Amino acid sequence: MMNHNSMRSTAKHPGVLSAAIFLLGWTAGSVAASAQQAPPLSRVDLDQAIQLALAHNHALKAAQTLVPQSQAEEITAAIRPNPVFTYDDLYVPIFSPSQLNSTTLDNITEFDLGVSYTFERGHKRQARMQAARDQTAQTRSQVNDTERGLRSNVAQQFIGVLLAKANLQLANADLASFQQTVHLSQERFRAGAIGEGDLLKIKLQLLQFQMDVSSARLALVQALASLRQLLGFESVPIDYDVTGELAYTPLGLNQEDLQLRALKLRPDLLAAQQGVTAAQSQFQLAKANGKRNLTTTLDYTHVSALNSASFTMNIEIPIFDRNQGEIARTHYAVSQAQETSSAASETVMTDVANAYQGVETSARVVELYTSGYLKQAEDSRDISEYAYKRGAASLLDFLDAERSYRATQLAYRQALANYMLATETLRQAVGTRNLS
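So for the sequence shown, our numbering puts the first residue at 989; every next one is plus one.
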C-alpha cells in the first residue's frame, strides 16, 4: 500500500503514475493471455486422455450438436399458426380516369380488410411439443452412447501405447544384453574358443534384435499417432508421451450384478427405451393431426358508402382424409420400437456376459505366466548364457533359450494387455468406468 509521501511524490510526476498503470495493465493482460493459451500436456495418463478426448474429439463434438438441433426443433414444434391479413380493392375504374373521384370511390368501389386465424384442434401443438421433447431425450442418450464408445476407444488405444512401450523397453534390454554376448563371443573367437561360424551366427542373431527394436519403435510411434487422433491434434504436442504401465489388477465382480447395473446405465439401452416413448408420442401426434383445424375470419367491408363487418369460419370435412395412413404407420412404429428395446436389452445382457468371460479367461492366462513360467524362462536363459560363456553349452542351446525367454516375455506383456483390454470391454459393456 502506498503511503502519503509516495502518493504526493507520484502526483508530482504524472508520467511515473501513467507508466505504473500501464505496467500493471500489461502484466495482468499477459497473465490472462497465458492462462487462455496454456500449453498442451506433454505427458498424459489414462484419465487425462479420456478427458482430452471428450473435450477435443471432433467426431464427438459433431455428434453433440445433435442435441441443440433437436432442442431447436422443440421451438419449431411450439410455434403457433400465424394470423393472415387480407386486403382487396374492387371495382376501381382505372381505365376511366375521369370517374376517379371521391363520389365514385365512395359509392361504387369496394374495400375489404380482413384478418383470419387458424385454431388447431385435437391438441396438435401439445402433441408436437411432447414428440419433440421425447426426441430430444432420445438424441441426448444417443450422444451419451457416442461418448461411451469414445471412452472405450481411447482406453483401448492407450493400452496399445502401453504395450508398444513395454515391447520397446524389452527389445532395447534384449539388444543391450545380446550386445554384451556378441562382445564376449568376439573375445572368445580371438582366443580360439569358438569358431568363425559360431561368431557369424551370433552376429546374425544381433541383426534380429536390432530389427526388433526398429519394429517396436515404429509400433510405438503409430500407436501414439492413433491415440493423438482420438484426443485431438491440438490437445497434445507431437512429441507427447503417456504415463502408466501394463498391470494385472484382479476384479472381484459378479456377472449378474454387472448385468443389472448395465440395464440401468447403458445409454444405448436407455435410448432404445426412450425410442418407445418417442414412437408413442408420434402416434399421438398422428391421431391429433387427424383432427381438422378451424379457420375463422373477421372482415371489414366498405361498399356503396356502407361500412359493415362480417365473420366467417370454415373447417374441412374429414370424409376421405383422416390421416389414417400415418396413424397406422406410427402404430406399427410403436411395436417396432418396443421390439428394438427388447433386442437392446438382450444385447446388453450378452455383451456383459461375453466381456465378463473375457476378463476371467484373460486373468487365468496372466496367472499362468506369473505362477512360474516367467521365472522358468528367465532361469533357463540365464543358465544357458552362463554355461555358454564358460563353454559348457552349445551356441544353438543358448540361442534357443534366448528366443524362448523373449517369446515368453512378449507373450506375457500381450497377456497383460489382453486382460486390460478385456477389462475396458467390460466397462464399456456395463456403461461405466467404475466397476467397484
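Backbone N, C-alpha and C define an ideal beta-carbon position, used for all residues, glycine too. Everything numeric in this text was worked out from a predicted model, so none of it was measured.
| query | result |
| --- | --- |
| Lys1151, buried or exposed, once every other Cβ within 10 Å from all chains shown has been counted against 16 | Looking at the sequence provided, one finds Leu at residue 1151 rather than Lys. Buried. |
| Rounded straight-line distance, which links the Cα of Val1209 to that of Gln1196 | 20 Å |
| When Ala1115, Ile1147, Ser1214 are compared against Gln1268, the one with the closest alpha-carbon | Ala1115 |
| Beta-carbon proximity check, Lys1279 vs Lys1049, cutoff 9 Å | no |
| Ala1125 vs Ala1266 beta-carbon contact at 9 Å | yes |
| Span separating the alpha-carbon of Arg1317 from that of Ala1276 | 14 Å |
| Helix, strand or coil at Arg1109 [DSSP, three-state] | coil |
| Whole-angstrom distance between Tyr1105 and Val1072, CA atom to CA atom | 6 Å |
| Secondary structure of Leu1241, DSSP reduced to three states | coil |
| Supposed close pair Thr1284, Phe1107 - CB separation, criterion 8 Å | 7 Å |
| 8 Å contact criterion, which Leu1286 and Gly1137 should meet: CB distance rounded | Rounded, the Cβ-Cβ distance is 57 Å, inconsistent with contact. |
| Distance CB(Thr1358)-CB(Leu1253) smaller than 9 Å | no |
| Touch test, the segment 1233-1253 against the segment 1336-1354, Cβ-Cβ under 8 Å, three pairs minimum | yes |
| Through-space distance from Leu1387 to Leu1156, alpha-carbon basis | 20 Å |
| Buried versus exposed call for Ala1016 [16 or more other C-beta atoms within 10 Å across all chains shown] | In this prediction, Ala1016 scores a pLDDT of 45, lower than 50, which makes its location untrustworthy; the coordinate-derived value is nonetheless stated afterwards. When all chains shown are included, Ala1016 counts as exposed. |
| Given 8 Å, three or more beta-carbon pairs between the segment 1207-1226 and the segment 1308-1315 | no |
| Candidates Asn1406, Glu1390, Arg1394, Asn1242, of which the one nearest Thr1349 by Cα | Asn1406 |
| Residue range of the alpha helix (DSSP H) that includes Val1469 | Residue numbering for the chain in the displayed model covers 989 to 1424; residue 1469 lies beyond these limits and cannot be assessed. |
| Coarse secondary structure for Ala1020, derived from DSSP in three states | Model confidence at Ala1020 stands at a pLDDT of 41, short of 50, so the residue's coordinates are unreliable and nothing is read from them. |
| Ser1269 (DSSP reduced to helix, strand or coil) | helix |
| Option in Asp1256, Ser1323, Thr1411, Tyr1400 with minimal Cα separation from Glu1334 | Asp1256 |
| Where Leu1258 falls, given that 16 or more other Cβ within 10 Å makes a residue buried | buried |
| Local conformation of Ile1305 per DSSP, three classes | coil |
| Three-way DSSP call (helix, strand, coil) for Asp1033 in this model | coil |
| Same chain, Cβ closer than 6 Å to Met1408, neighbours up to 5 away in sequence not counted | Ile1147 |
| Cβ-based neighbour list, Gln1059, same chain, cut-off 6 Å, excluding 5 preceding and 5 following | Thr1124 |
| Beta-carbon contacts of Asn1132 that lie in its chain and below 6 Å, excluding the five residues immediately before and after | Pro1255 |
| Distance, Arg1216 Cα to Gln1025 Cα | Confidence in Gln1025 is poor, its pLDDT being 49 and thus under 50, which makes the residue's placement unreliable; the coordinate value appears in the next sentence. Roughly 19 Å between the two C-alpha positions. |
| Boundaries (first-last residue) of the beta strand (DSSP E) holding Thr1420 | From DSSP, Thr1420 is part of no beta strand (DSSP E); its letter is neither H nor E. |
| Val1072 - DSSP class collapsed to helix/strand/coil | strand |
| Closest Cα partner of Gln1272 within the set Asp1122, Pro1085, Thr1053, Ala1051 | Asp1122 |
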